[in-house]
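Residue numbering for the sequence shown follows full-length UniProt numbering, starting at 1 and increasing by one per position.
What follows is one structure encoded as structure tokens, with my remarks underneath.
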Amino acid sequence: MPGAKNTGVPAGTKLTVHDGDITVTAPGTVIDSLDVRGSIVVKAANVTIKNSIIRGRAGSGPLVNNLLHNPNLVIQDSELFAAMDRRVSGIMGSHFTATRLNIHHVTDGIHLTDGEVTLKDSWLHDNLHLDKDPAWNGTPTHDDGIQVQGGSNITIDHNTLTGAHNAALMVTQDRARVTNLSWTRNYADNGGCTINIAQGSLGPVTGMKITDNTFGRNTSIANCAIIAPTTTKIDTQRNYWADDMSPVAVRKG
Numbered sequence: 001m002p003g004a005k006n007t008g009v010p011a012g013t014k015l016t017v018h019d020g021d022i023t024v025t026a027p028g029t030v031i032d033s034l035d036v037r038g039s040i041v042v043k044a045a046n047v048t049i050k051n052s053i054i055r056g057r058a059g060s061g062p063l064v065n066n067l068l069h070n071p072n073l074v075i076q077d078s079e080l081f082a083a084m085d086r087r088v089s090g091i092m093g094s095h096f097t098a099t100r101l102n103i104h105h106v107t108d109g110i111h112l113t114d115g116e117v118t119l120k121d122s123w124l125h126d127n128l129h130l131d132k133d134p135a136w137n138g139t140p141t142h143d144d145g146i147q148v149q150g151g152s153n154i155t156i157d158h159n160t161l162t163g164a165h166n167a168a169l170m171v172t173q174d175r176a177r178v179t180n181l182s183w184t185r186n187y188a189d190n191g192g193c194t195i196n197i198a199q200g201s202l203g204p205v206t207g208m209k210i211t212d213n214t215f216g217r218n219t220s221i222a223n224c225a226i227i228a229p230t231t232t233k234i235d236t237q238r239n240y241w242a243d244d245m246s247p248v249a250v251r252k253g
């Protein structure tokens, strides 16, 4: 499974330091082998980020920002962590493929505002959590491995997700309906419940598949791998607890 030895910048890669944010406006731009002491804001299609570290800066916002939904963003073999202000997301937006990433010490590892997203072979861990977070009016941080506010065609395959206090996967439908979300071959642990599906006011999540996964038992609600409303129909075949390979059941939410 993805972890320290097979995610992030490949060993031996020589990095060039870039101080400050990078705003990408030219389609087809390739960012390669940089140590970015700021954030990357994507404003063009077909951008590639690879073999790089993105550390952010104080007040810089998401480490990789594709909130304009530019298509075909690729992020691979890179490490994303907030070295300065950790109350940010690792990647925020939509329309990207992310492979072999090491994302840590951020609030949400990935925060999706729309769809057309693939995450694979990546390690999301050690989320920022404050018991009294100013961003949440002094209440605890609402930190997730992945938060999905809306969108279609979202694939999360063969990843390791641990260390979030709220959920490894939180589906809210705060912005739009969520359809065709696939969560397969992952190892996930922690959170209140590790996967939390909330319909909100938009009705059932449709086309959802959670199959062939293993789960840890370190949830604040005992033995709660998946919680979802009964009106959201999910394919949940072949999900097991990692410690004894007994089957996982869906808790009614």
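Here a beta-carbon is modelled for each residue, glycine too, at the ideal position from N, C-alpha and C.
Can you tell me where the beta strand (DSSP E) holding residue i begins and where it ends?
i           : result
Thr-179     : 178-184
Asp-35      : 34-37
Ser-122     : Ser-122 -> no beta strand (DSSP E), and no H or E assigned at all.
Ile-197     : 195-197
Asn-102     : 102-104
Gly-145     : 144-148
residue 254 : Only positions 1 to 253 of the chain appear in this structure, which leaves residue 254 out of reach.
Met-92      : 91-93
Val-24      : 22-24
Ala-228     : 226-228
Thr-16      : 16-19
Quick one: what does DSSP say residue i is sitting in, helix, strand or coil?
i       : result
Pro-134 : helix
Val-171 : strand
Pro-2   : coil
Pro-71  : coil
Val-205 : coil
Val-9   : coil
Gly-216 : coil
Asp-243 : coil
Asp-114 : coil
Gly-151 : strand
Val-248 : coil
Ala-164 : coil
Thr-107 : coil
Asp-85  : coil
Asp-235 : strand
Going by Cα to Cα distance, which pick from the options is closest to residue i?
i       : options                               : result
Ser-33  : Met-170, Gly-20 and Ile-54            : Ile-54
Gly-61  : Phe-81, Pro-10 and Asn-180            : Phe-81
Met-92  : Asp-85, His-111 and Ile-75            : His-111
Thr-141 : Leu-169, Thr-172, Val-106 and Val-117 : Val-106
Ala-26  : Ala-44, Gly-38 and Val-17             : Ala-44
Gly-253 : Ser-182, Ile-227, Asp-114 and Leu-73  : Ile-227
Gly-56  : Pro-71, His-18, Asn-70 and Val-30     : His-18
Leu-15  : Gly-3, Lys-209, Asp-157 and Arg-37    : Arg-37
His-125 : Leu-101, Leu-68 and Glu-116           : Leu-101
Ile-210 : Ala-249, Leu-67 and Asp-108           : Ala-249
Cys-193 : Asp-244, Asn-166, Asn-46 and Thr-206  : Asn-166
Arg-177 : Lys-50, Leu-68, Gly-115 and His-129   : Gly-115
Using only the heavy atoms of the ligand SAH, determine whether one of them is closer than 7 Å to the beta carbon of residue i.
i       : result
Gly-145 : The ligand SAH is absent from the structure shown, which contains no ligands of any kind.
Sort out for me which residues DSSP pairs residue i with in a bridge.
i       : result
Gln-76  : Lys-50 and Thr-99
Asn-65  : Val-41 and Met-92
Ala-188 : Leu-161 and Phe-215
Thr-139 : Asp-133
Would you check if the stretch 132-140 and the stretch 148-164 touch, i.e. whether three or more CB-CB distances between them fall below 8 Å? no
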